[in-house]
Each structure stands twice: as structure tokens, then as C-alpha cells.
Amino acid sequence: MAGHSKWANIQHRKGRQDEKRGRIFSRLAKEITVAARMGGGDAAFNPRLRLAVDKAKGVNMPADNIDRAVKKGTGELEGVNYEEIRYEGYGIGGAAVIVDCLTDNRTRTVADVRHAFTKHGGNLGTDGSVAFMFTHCGQFIFAPGTDEDKLMEAALEAGADDVVPNEDGSIEVTCAPGDFMAVKQALEGAGFKPEFAEVTMKPQNETALAGDDAVKMQKLLDALEALDDVQEVYTSAAMDQ
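Residue 102 is where the sequence shown starts when you use the numbering used here, and the numbers rise one by one after that.
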């Protein structure tokens, strides 16, 4: 995409996550609790819990916090019963937005999400209105300068679906969601450590935004991400930073 750097956007996103570390801990604790409740407290036999714990360790979440969240999920400690809800809508320039939530009050959550969309120039849509524009997958981004041939060989051997070089020199590897941890471990074992790795909703096409439109879109995304019940926000918007 002309003028658009995937690498710059990834670095920008990582910086914003670092600024919100306390909020990230809270969200990861929720995810760990729900994963443990649904699939048990042993990460070896619960892929969702294993992924959540790995992500928590990746941001240096204290081990006590992780253990406490697991015990809330298994019932060893008292905890809140969260419900998973997904909202879909449109932002500036028709950019698609998916908002994944964990909540103990559906009425509060939908009101908060709708208010954020409306206040910042977006529209809350119906179920299924934009989800078809995204692919659920594991995604890895490697820094510019990574050896593409060696990475491709390692990725395909690890079971990845695709390896795509970007115009800015970064390289993207994708895999099936269920293969994420195996591919990640295999790539790291081969000496390739991704700068960014997660199971995500990847837009099939991006909506390029610049200038005021990019600023407005970022305000909408920030407003959604600031909501206590929101876990993840995905968008097709590609904004020059």
C-alpha cells in the first residue's frame, strides 16, 4: 500500500500497548479466568489458556496475578462470571471495526460501545456486518532485514499457511489459529523471534486513512479500547503514523 508502512504501524501499536500496561494486565486476567473456566486450569491441556498465559508472560505480568486469575476460573477463588460478546461496526471512511468484549453486564457494554461509535463518527452495525471481511488467524511480524528465504523455509516446515514480504521490508507469517503456539515455538527454535505475534482478526483488505480522517479514526479506536469491558479491537483501517 503506497505510503503505508505495516512495520511503522506495528511499532506504533506496541508503543501504545506499553503505555496501557496496567489495563493490559486487567484484560489478560479476564481472558485467563474465562479460558480456565471453559477448558480447565491446566495449560498443557487447554490451548486457549496456554495462549493467554503466554501472552501474559510476554508483557511481564506477575506470576501471582496469573495464578490468581486461573484459580478464579476454576472456582478455587471467587470471581466474576464473564460473558463473551462481539460487536461489529464502521469507523471513518467506512473502515470496518470488530470489538470483542468480556462482560458481566451486557446492557452496560452495548450502551458504552454504541456511545463510543456515535461520539467519534462511527456506526455500530449488526452481527455479521463486517466479520466476513476478516480472517481469524495467527499472525507474526518480523523486522526488516530478516532473511526471507530462511524464514520461509522455517515457517513452512513449522506448518504456517503463508509468508508475505511487505514493501517496508518487514515479513508477515500467518497460520491457522489452532497452530499458533506450535508455529511460534518452531520459529523461535529456528532462531526467528517475531516482533509481534498474536491470534487476531486480520482484515482481508485495508482502508487507507490519512490526515484528519486518520486522527478521527484513532480517537474512535482509543475510545473503544478505553472501555473496561473491551478485550480487543480489530480494524481494517491503515493509518500513516
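C-beta: ideal position from N, C-alpha, C; glycine also. Small disclaimer: the values here were computed from a predicted structure and weren't measured.
Looking only at its chain, what residues have a beta carbon closer than 7 Å to the beta carbon of residue i, apart from the 5 residues adjacent to it on each side?
i	result
LYS251	none
ALA154	It is Val, not Ala, that sits at residue 154 in the sequence shown. Within the same chain, VAL154 has close Cβ partners ILE133, ALA144 and ILE167.
Contact check, residue i vs residue j under 8 Å by CB: the rounded distance?
i	j	result
ILE242	PRO304	14 Å between Cβ atoms; not a contact.
GLY174	ILE133	7 Å
GLU307	ALA256	Going by Cβ atoms, the distance from GLU307 to ALA256 rounds to 22 Å, so no, they are not a contact pair.
THR210	ILE186	6 Å
THR336	ALA217	With a Cβ gap of about 13 Å, THR336 and ALA217 do not count as contacting.
HIS237	PRO278	6 Å
GLY239	CYS276	4 Å
LYS285	ALA298	6 Å
Can you check DSSP and say which residues form a bridge with residue i?
i	result
GLU189	ILE199
PHE243	ILE272
ASP349	Since the first and last residues shown for the chain are 102 and 342, residue 349 lies out of range.
THR308	ALA338
HIS302	Residue identity differs from the one stated: residue 302 is Met in this sequence, not His. Paired residues: HIS237.
PRO266	ILE272
Classify residue i as helix, strand or coil using the three-state DSSP reduction.
i	result
MET102	Only weak support exists for where MET102 lies, its pLDDT of 34 falling under 50; the value from the coordinates is given anyway. Residue state, collapsed to three classes: coil.
GLU177	coil
ASN182	coil
THR208	helix
PHE293	coil
ASN224	strand
VAL135	helix
PRO278	helix
Leaving aside the five residues before and after residue i along the sequence, list all residues of the same chain whose C-beta is less than 8 Å from its C-beta, in chain order.
i	result
ARG151	ALA144, ALA145 and MET282
VAL334	VAL198, ILE199, VAL200, ASP201, LEU322, LEU325 and GLU326
THR204	TYR183, GLU184, ILE186, THR210 and ASP330
So, at 6 Å on beta carbons, what are the nonlocal neighbours of residue i in its own chain, with the 5 sequence-adjacent residues on each side left out?
i	result
GLY270	PRO245
ALA287	ALA259
ask   = Would you call the stretch 223-230 and the stretch 182-197 in contact, with 3 or more CB pairs under 8 Å?
value = yes
Validate contact between the stretch 156-170 and the stretch 199-209 using beta carbons, cut 8 Å, 3 pairs = no
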